[in-house]
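What follows is a single structure, written as structure tokens, with notes after it.
There are 2 protein chains.
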Amino acid sequence: MKGQRIKAAWRGQADCSGCAIRDLALFADLMEQDFNLIHLPIEEEVLPAGRVIYNAGDPGRALFTVRSGLVKLVQYLADGTQRIVRLLRAGDTVGLEAILSQPYAHTAVVLHPALVCKIPREVVERLSVETPRLHHQLMQRWSEAVNRADRWLTALSTGSARARVARLLLLLAEAAEVGENSAAPPECALFSREDIGAMLGVTTETASRTIAEFRRQGVISENRSNLFACDMEALRAIAGE
Amino acid sequence: MKGQRIKAAWRGQADCSGCAIRDLALFADLMEQDFNLIHLPIEEEVLPAGRVIYNAGDPGRALFTVRSGLVKLVQYLADGTQRIVRLLRAGDTVGLEAILSQPYAHTAVVLHPALVCKIPREVVERLSVETPRLHHQLMQRWSEAVNRADRWLTALSTGSARARVARLLLLLAEAAEVGENSAAPPECALFSREDIGAMLGVTTETASRTIAEFRRQGVISENRSNLFACDMEALRAIAGE
DNA sequence: CGTTGTTTTGATCCGCGTCAAAATGAGTGG
DNA sequence: CCACTCATTTTGACGCGGATCAAAACAACG
Chain U
1 MKGQRIKAAW RGQADCSGCA IRDLALFADL MEQDFNLIHL PIEEEVLPAG
51 RVIYNAGDPG RALFTVRSGL VKLVQYLADG TQRIVRLLRA GDTVGLEAIL
101 SQPYAHTAVV LHPALVCKIP REVVERLSVE TPRLHHQLMQ RWSEAVNRAD
151 RWLTALSTGS ARARVARLLL LLAEAAEVGE NSAAPPECAL FSREDIGAML
201 GVTTETASRT IAEFRRQGVI SENRSNLFAC DMEALRAIAG E
Chain W
1 MKGQRIKAAW RGQADCSGCA IRDLALFADL MEQDFNLIHL PIEEEVLPAG
51 RVIYNAGDPG RALFTVRSGL VKLVQYLADG TQRIVRLLRA GDTVGLEAIL
101 SQPYAHTAVV LHPALVCKIP REVVERLSVE TPRLHHQLMQ RWSEAVNRAD
151 RWLTALSTGS ARARVARLLL LLAEAAEVGE NSAAPPECAL FSREDIGAML
201 GVTTETASRT IAEFRRQGVI SENRSNLFAC DMEALRAIAG E
């Protein structure tokens, strides 16, 4: 088994049944026998920051499970500006629409270096016919996507710029906090001010100014480049207007 | 058949196989035999404007198909203010999360008097096990919900208040335009300025002011109370900043 | 060490939020 | 039918937040 995993990794091909994050992933509920139905290779890919996974409008030939790192979903507006509509982390599924034979609805771009599993559409289609266990997971994923979209709107596109930035920091810090040593103040890795602006619906300058202000006030402090320690209490106070 | 439908309507119980909007609805792909699997009553309900269909947090015991009218999904924020995250029309499904045994994620409220079919969770669960035809429809519905959520964000929560209002009017008018006599300028039925504000993330006053301005400029004109004829070209120009 | 892209900061202006008051409309009871 | 209340809409005046334009400050890289 161990040998199998190493070999699989070596040729860039995943061993799903032995996956370390399977309980988080799309295939969480599958039984051993189900894996025999996978007859197409599921490839593991190492993706550097900035890499485009797919473009909006591309035919959806595969969906992706994020194993580590961070991915953004971008929607381009009529006037050419872009808006980030979702962030995806370990365990999340990117490009679900592929299983409906639809073109991708967004452009997916890597924000923090990521490891993803590329699952051909046909694999999910086949499993989808054979086992109801996958169905439930798929529904859960869709429902989760809707919830995230709605929360994105209410949390990150509502209220003052200060509050929005605070909520974004909380979101990132709380995600990083999971499985962290509890005593130390939670950290969160930020990204370009332009991206932050595109997430919050504000300009790059406003994003920069607000973060600078938080730093001066001691609400956050930069440990390494773009890695901030967050005073959660203070942020929560700001987030709630 | 005709007699059956009338009888069904009379006791408030739907005959899905003979439904006039079935091709739009969740049960579009079902075959005759599938309907025999429905052993619980599907009730038709006539709902006046303002009626709450369910509240956020309620256990999801049923989902609803909108046959006519308009329904809003509302999300309440921490500070008590509310934000409207989606509008649902004829053919749309409300409360999909019920089939995942989850509590409702939003509060659903009738905006324009509506006719809805209340489908018990168990009916969908049962059908879901028996026929893959429903699966596909469910996925489509979920995917459509995500798309709507994303477009809502980019179209109605981005740009100036003028542009947002224009886009909302376009959205409503284009929906009404379907199956309309093409020559006449499309009309759209508006609702309270407060709701408009909650949809666009602006204040009631700004919503009112913007609509008043559009009226003065002749971009829209009020035929009846809250029923506006729209100059689509002019609106499109404003919508694109 | 210059070149290029990102971040920060500054100065200015306008859109929109805020508070307040008038105008309009719907419903109720005398 | 009119007077009165109450809710919604419209309009006004004002101030602030954030967009915009522009220029430094900085960081990355050849």
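Chains as they are written, first to last, in UniProt numbering: chain U, 1 to 241; chain W, 1 to 241.
Even for Gly, the Cβ is constructed at its ideal location relative to N, Cα and C.
The structure displayed is predicted, hence computed values, not measured ones.
Report the rounded CA-to-CA distance for residue i versus residue j, giving the unit in angstroms.
i      : j      : result
W/Y76  : U/A14  : 42 Å
W/D231 : U/I38  : 54 Å
U/Q217 : U/I238 : 12 Å
W/P113 : W/Q82  : 21 Å
U/G95  : U/Y104 : 6 Å
U/R224 : U/C188 : 11 Å
U/V110 : U/E194 : 15 Å
U/V52  : W/T158 : 24 Å
U/S128 : W/T204 : 47 Å
W/Q4   : W/R22  : Per-residue confidence for W/Q4 stands at a pLDDT of 46, beneath the threshold of 50, marking its modelled position as unreliable; the derived number appears in the next sentence. Each residue's Cα considered, the two are about 16 Å apart.
W/C19  : W/A49  : 23 Å
W/D29  : W/N226 : 37 Å
W/R126 : W/F35  : 11 Å
W/R236 : U/T206 : 29 Å
W/E44  : W/L87  : 20 Å
U/G91  : W/P185 : 49 Å
W/L134 : U/V219 : 50 Å
W/E222 : U/T131 : 55 Å
U/I119 : W/S101 : 28 Å
U/G69  : U/A175 : 12 Å
U/P59  : W/R151 : 20 Å
W/A98  : W/R121 : 6 Å
W/R11  : U/H106 : Here W/R11 scores only 46 on pLDDT, less than 50, and its place in the model is too uncertain to base an answer on.
U/E177 : U/W142 : 25 Å
U/L138 : W/G197 : 34 Å
W/Q33  : W/C16  : 12 Å
W/M199 : W/F191 : 11 Å
U/L156 : W/L24  : 33 Å
W/A234 : W/R215 : 12 Å
U/M31  : U/Q140 : 18 Å
U/I42  : U/V74  : 25 Å
What in chain U is Cβ-close to residue i, meaning under 7 Å?
i      : result
W/E241 : D79
W/Q140 : L100
W/N147 : A105
W/D195 : The contacting residues do not exist; W/D195 stays about 16 Å from chain U at best.
Can you name the residues of chain W whose CB is closer than 7 Å to the CB of residue i?
i      : result
U/S101 : Ordered by position in chain W, no residue passes the 7 Å Cβ test against U/S101, which lies about 10 Å from the chain.
U/T158 : L77, R83, G201
How many whole angstroms separate the CB atoms of residue i and residue j, which I take to be in contact at a CB cut-off of 8 Å?
i      : j      : result
W/A108 : W/V71  : 6 Å
U/L153 : U/T93  : With a Cβ gap of about 20 Å, U/L153 and U/T93 do not count as contacting.
W/A56  : U/V146 : About 14 Å separates the two Cβ atoms, so there is no contact after all.
U/D79  : W/G240 : 7 Å
W/L47  : W/V116 : 6 Å
W/A149 : U/A149 : 4 Å
Under 9 Å Cβ-Cβ, which residues of chain U neighbour residue i?
i     : result
W/L34 : The sequence given here has Asp at residue 34 of chain W, not Leu. Within chain U, no residue comes near W/D34; the closest Cβ sits about 17 Å away, beyond 9 Å.
W/D29 : Residues of chain U passing the Cβ test: none, with the nearest at roughly 14 Å.
W/D92 : Correct list: empty, because the minimum Cβ distance to chain U is about 13 Å.
Going along chain U, which residues have a C-beta under 8 Å from residue i?
i      : result
W/T154 : Q75, L77, R83, V85
W/V129 : P132
W/S143 : L96, E97, L100, Q102, W142
In chain W, which residues lie with their C-beta within 8 Å of the C-beta of residue i?
i     : result
U/A17 : Position check: residue 17 of chain U holds Ser in this sequence, whereas Ala was assumed. Ordered by position in chain W, no residue passes the 8 Å Cβ test against U/S17, which lies about 24 Å from the chain.
Kindly list, in the order they appear in chain W, the residues whose Cβ is closer than 9 Å to that of residue i.
i      : result
U/S225 : Result: empty, since nearest Cβ-Cβ is about 30 Å, beyond 9 Å.
**Q.** Three or more C-beta pairs below 8 Å linking the region 164-175 of chain W and the region 51-66 of chain W
**A.** With a cut-off of 8 Å, the region 51-66 of chain W and the region 164-175 of chain W do not count as touching, because too few Cβ pairs lie within range.
Q: Flag this pair as touching only if the region 150-164 of chain U and the region 200-214 of chain U have three or more C-beta atom pairs under 8 Å; answer yes or no.
A: With contact defined as three or more Cβ pairs closer than 8 Å, the region 150-164 of chain U and the region 200-214 of chain U are in contact.
Q. At which residue ranges does the UniProt domain "Cyclic nucleotide-binding" (26-145) of chain U contain complete alpha helix (DSSP H) runs of 4 or more residues, listed in the order of the chain?
A. Runs found: 32-35, 121-130.
Q: List in chain order: all unbroken alpha helix (DSSP H) runs of 4+ residues lying wholly within the region 185-228 of chain W.
A: The qualifying runs are 193-200, 204-216.
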